[in-house]
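Written out below as structure tokens is the structure these notes cover.
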Amino acid sequence: MVNSFISIRNLTKRYGGHLALDHISVDIAEGEFLALLGPSGCGKTTLLRSIAGFIDIEEGDVCIDGNSMKHLPANRRPVNTVFQNYALFPHLSVLDNVSYGPRRAGKNKSDACNIAMDSLETVGMGSFFDRFPNQLSGGQQQRVALARAIANKPKVLLLDEPLGALDLKLRKRMQMELKSLQQRLGMTFVFVTHDQEEALVMADRIAVMDAGKIVQIGNGEEIYNAPNARYVADFIGDANLLDCVVAADGSLINTAANIKFHAEHDLMENTQVTYLLRPEVIQISDIDAPLKNDMLALPALVERIMFVGNATRIYARSKGQELVAQYPSSGQKHFYQPGQEVSFRWSRANGQVLTR
Ligand code: ATP
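Here the sequence shown stands for residues 142 to 497, numbered as in the numbering used here.
Next comes the structure, spelled out in structure tokens:
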């Protein structure tokens with residue numbers, strides 16, 4: 142149970158007939174880095190903007206540090222938001238952009254400048270104080286936007302895909318920087334992204350959203366290793382998802398590959414389930430190699446082999462069932478070729494039964 146700093150209860154938002162947030166309840170701890178993850182349109186930004194106060198809360202409530210935000214306008218909430226497009230003032234220098242908030246909060250010019258310089262140093266941009274936004278790279282502008290957001294010392298920083306406009310390499314570097322900045326400041330971060338890797342790299346916990354709901358919340362390992370739904374298993378990482386039905390003797394039948402196998406569950410006959418197999422738990426063997434006791438196997442016809450740098454993926458088909466296996470490129474060398482009949486094998490303990 143999370144010691145709640147931000148407490149969201151029953152939060153609901155409709156746009157006409159469309160339910161953008163569907164009775165969301167979640168607790169976020171002080172100093173936590175929470176990622177809101179999901180595909181386009183699932184409600185991530187709407188949830189973030191409800192916390193920020195840019196959207197009227199029609200049903201439910203958001204409490205921060207014990208205080209209801211329901212009737213508090215955005216500028217009086219103890220939060221600050223960083224957007225994807227930086228939103229720096231183009232006609233102001235870096236220093237003036239960052240000191241703008243403290244000045245508005247009533248600080249005199251000298252204090253505001255000191256606070257701004259501190260914030261700029263924190264994000265490694267102190268020496269750029271007299272530049273204008275159009276004289277900075279995208280990554281530098283994003284650092285200034287961060288400095289501006291932390292200058293006001295908000296209790297909570299809300300980040301709406303702040304790295305979305307950066308190229309991959311810079312994005313990866315900024316992910317590490319943001320994470321260490323958050324740890325140094327001990328500030329609570331709520332971060333919107335549709336990039337699962339970004340969420341896994343940075344967040345303490347990830348809330349996976351679908352159609353206005355949080356489907357699962359947990360740390361990266363929990364979400365990856367023990368997804369509570371097919372949707373989550375499919376969204377985080379690569380997955381083999383086999384449609385199965387429970388037979389009278391409790392085993393699972395997958396019609397596409399025409400197999401019947403045993404799996405741990407306590408479900409009724411005829412229940413439709415998804416059997417999850419992560420690609421990295423599959424071993425590929427010669428079709429006639431002896432099968433160990435605790436292993437399950439499917440005959441598979443190799444269709445494609447894809448080298449993706451640190452890993453190699455083998456795409457195959459077992460009758461109507463598509464399958465993918467993956468192993469580290471530096472590990473076992475493969476001698477299998479497209480068109481070859483092989484055996485895809487996995488330990489019973491590595492398959493998971495998902496009921497929704
Ligand atoms: P993205 O990753 O594309 O930004 P998202 O998960 O952040 O998506 P939201 O922006 O929260 O999604 O939108 C959730 C749903 O609400 C979408 O179906 C969207 O079309 C709808 N929506 C958002 N803002 C409005 C609005 N102002 N008027 C009407 N519908 C809206």
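Even for Gly, the Cβ is constructed at its ideal location relative to N, Cα and C.
Exposure of residue i, with buried meaning 16 or more beta-carbon neighbours within 10 Å
i, result
"LYS250", "exposed"
"THR396", "exposed"
"ASN238", "buried"
"ARG419", "buried"
"THR415", "buried"
"GLN276", "exposed"
"LYS154", "buried"
"GLU482", "exposed"
"THR453", "buried"
"GLY265", "exposed"
"ASP301", "buried"
"SER488", "exposed"
"GLN337", "buried"
"GLN413", "exposed"
"ILE428", "exposed"
"GLN478", "exposed"
"GLU173", "buried"
"ALA253", "buried"
"SER459", "buried"
"MET88", "The structure shown has nothing for residue 88, since the chain only spans 142 to 497."
"PRO231", "exposed"
"MET317", "exposed"
"ASN221", "buried"
DSSP beta-bridge partners of residue i
i, result
"PRO469", "ALA452"
"PHE174", "PHE330"
"GLU482", "LEU442"
"ASN381", "LEU418"
"SER278", "None, per the DSSP bridge assignment."
"PHE402", "LEU393"
"VAL223", "LEU300"
"THR153", "GLU200"
"SER488", "MET436"
"VAL167", "ILE149"
"GLN98", "In this structure the chain extends from 142 to 497, so residue 98 is not present and cannot be described."
"LEU464", "ALA457"
"LYS354", "ASP351"
"PRO408", "Correcting the residue type first, residue 408 is Leu in the shown sequence and not Pro. Per DSSP, none; premise fails for LEU408."
"HIS159", "TYR156"
"VAL386", "ILE394 and GLN413"
"ARG346", "LEU175"
Three-state class that DSSP yields for residue i in the structure shown
i, result
"ALA508", "This structure cannot speak to residue 508, because the chain is shown only from 142 to 497."
"MET258", "helix"
"THR263", "helix"
"ILE196", "coil"
"TYR477", "coil"
"ASN360", "coil"
"PHE146", "strand"
"THR496", "coil"
"SER209", "strand"
"ARG458", "strand"
"LEU319", "helix"
"ARG272", "coil"
Test: residue i CB closer than 8 Å to a CB of chain D
i, result
"GLY461", "Although the question refers to chain D, the structure presented lacks it and comprises just one protein chain."
Specify whether the region 446-454 and the region 403-415 touch according to this definition: at least 3 beta carbon pairs, one from each stretch, less than 8 Å apart.
-> no
Okay, do the region 157-167 and the region 324-339 touch, 3+ Cβ pairs below 8 Å being the bar?
-> no
The region 306-325 / the region 353-371 touching (three or more Cβ pairs under 8 Å) = no
Inter-stretch contact (C-beta, 8 Å, three-pair minimum) for the region 357-377 and the region 199-213 | no
Could you say if the region 186-195 and the region 270-285 meet the contact criterion of at least three C-beta pairs nearer than 8 Å?
-> no
Does the region 458-469 come close enough to the region 336-347 to have 3 or more Cβ pairs within less than 8 Å?
-> no
Contact between the region 432-445 and the region 367-378: three or more CB pairs below 8 Å?
-> no
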